[in-house]
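Take a look at the structure below.
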C-alpha cells in the first residue's frame, strides 16, 4: 500500500513561517525556553516538526499548516521606498497598502526614484525563491537614458556579454533594445536581465557616461505591468500562484502573520 509522506520542517522555521517572528528571533525564543512542543519545553531550534505537532510560543498556539500563498501586482509610483521601515521617515509602499490587505513582503525592490511592477506576497519563502537568480525569471525594464552621445552597437554588445564595473561589481548579460532618440537626445531602452543587484541598471549606464531619467519595471517572470495604473493593486489568480509556487519548489505556504501596525 502506498503511503503519503508528511513534510517535516525545523521548529524555528515553522514558527517563523506562521508567526510574527524571523527565524533568528524564533531560534532565540526556543533556546530561551519560551517554546513548548507537544506540551514540553523544547530548546532545540533544529528539531523537525510535522503538522500534527502542537507548538506554543509563550503559550500561544502556532499553526504548522498555513493557508496557500497569495500574491498581488502593484504599480509602484516614484517617491516611495520599498523597505518596511525608513530611518528618514520617507513614505513606503507598505504605507500605501489597503487596510484589508494581509501582511505581505515584496519580491525584490525598486529604488525610490524607480517605478513600475512590484510583486507582493504573503509567503516569505516564495518571495525569496522568486528573487534568486537560479529561478531564471527575467526582469524587464523600460529605461529613459539621457546623454549627448549615441548608444553604439559596441555598448549594446558589451551589455549582452556581461561586464565588470570599476568597483568590482560583475554584471551578468543584459539584453538592450534601443529606440530612436528624441529631439532632446533622450532615448528609451528596453532592458532584460536575470539579476536584481542594487542600482544595477543605473550604474551600468553611468559606467558608459549616460544618465537615467526614468526607470520603469514592466515585467517580472510571467507577470506584466500591463495597464495597471500607478498606485493600484491587482490580485494574481490563486491557481497561478499555486503553479508558480510548485515551479520554484515552494509548497505555497509560509503565510506572514503579524500586526499591520508594524509598518
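Numbering (the numbering used here), first residue to last: -9 to 253.
Where is the CB? At the ideal position from N, CA and C, for every residue including glycine.
Opening and closing residue of the alpha helix (DSSP H) in which residue i lies
i: residue 185; result: Note, residue 185: premise wrong, no alpha helix (DSSP H); not H, not E.
i: residue 222; result: Unbroken run through residue 222: none, as it is neither H nor E.
i: residue 238; result: No alpha helix (DSSP H) contains residue 238, which DSSP labels as neither H nor E.
i: residue 22; result: 13 to 22
i: residue 144; result: 143 to 151
Distance CB(residue i)-CB(residue j) smaller than 8 angstroms
i: residue 110; j: residue 61; result: yes
i: residue 229; j: residue 119; result: no
i: residue 121; j: residue 98; result: yes
i: residue 134; j: residue 204; result: yes
i: residue 218; j: residue 63; result: yes
i: residue 38; j: residue -1; result: yes
i: residue 215; j: residue 209; result: yes
i: residue 142; j: residue 176; result: no
i: residue 128; j: residue 80; result: no
i: residue 44; j: residue 23; result: no
i: residue 102; j: residue 70; result: yes
i: residue 174; j: residue 150; result: no
Buried versus exposed call for residue i [16 or more other C-beta atoms within 10 Å across all chains shown]
i: residue 65; result: buried
i: residue 105; result: buried
i: residue 4; result: buried
i: residue 96; result: buried
i: residue 40; result: exposed
i: residue 17; result: buried
i: residue 236; result: exposed
i: residue 89; result: exposed
i: residue 248; result: Its pLDDT being 37, under 50, residue 248 is placed unreliably by the model, and the measurement read from it follows with that caveat. Residue 248 should be labelled exposed.
i: residue 75; result: exposed
i: residue 115; result: buried
i: residue 240; result: Unreliable positioning characterises residue 240 in this predicted model, as indicated by a pLDDT of 47, which lies under 50. The coordinate reading is nonetheless provided below. Result: buried.
Residue interval of the beta strand (DSSP E) (run including residue i)
i: residue 206; result: 201 to 210
i: residue 165; result: 165 to 168
i: residue 25; result: 25 to 27
For residue j and residue i, the rounded distance between their alpha carbons
i: residue 52; j: residue 46; result: 6 angstroms
i: residue 85; j: residue 113; result: 19 angstroms
i: residue 265; j: residue 195; result: Since the first residue shown for the chain is -9 and the last is 253, residue 265 is missing from the structure and cannot be characterised.
i: residue 200; j: residue 155; result: 14 angstroms
i: residue 223; j: residue 123; result: 26 angstroms
i: residue 234; j: residue 108; result: 16 angstroms
i: residue 197; j: residue 82; result: 29 angstroms
i: residue 78; j: residue 42; result: 45 angstroms
i: residue 206; j: residue 140; result: 21 angstroms
i: residue 12; j: residue 93; result: 14 angstroms
i: residue 36; j: residue 87; result: 35 angstroms
i: residue 211; j: residue 130; result: 8 angstroms
i: residue 226; j: residue 178; result: 29 angstroms
i: residue 58; j: residue 50; result: 22 angstroms
i: residue 125; j: residue 191; result: 20 angstroms
i: residue 144; j: residue 163; result: 14 angstroms
i: residue 152; j: residue 19; result: 45 angstroms
i: residue 138; j: residue 100; result: 27 angstroms
i: residue 68; j: residue 2; result: 37 angstroms
i: residue 132; j: residue 180; result: 5 angstroms
i: residue 170; j: residue 202; result: 16 angstroms
i: residue 6; j: residue 168; result: 45 angstroms
i: residue 186; j: residue 15; result: 27 angstroms
i: residue 25; j: residue 182; result: 46 angstroms
Restricting to runs no shorter than 3 residues, where is the beta strand (DSSP E) found entirely within the segment 44 to 131? Within the segment 44 to 131, the complete beta strand (DSSP E) runs of at least 3 residues are 45 to 47, 50 to 52, 61 to 66, 95 to 97, 105 to 111.
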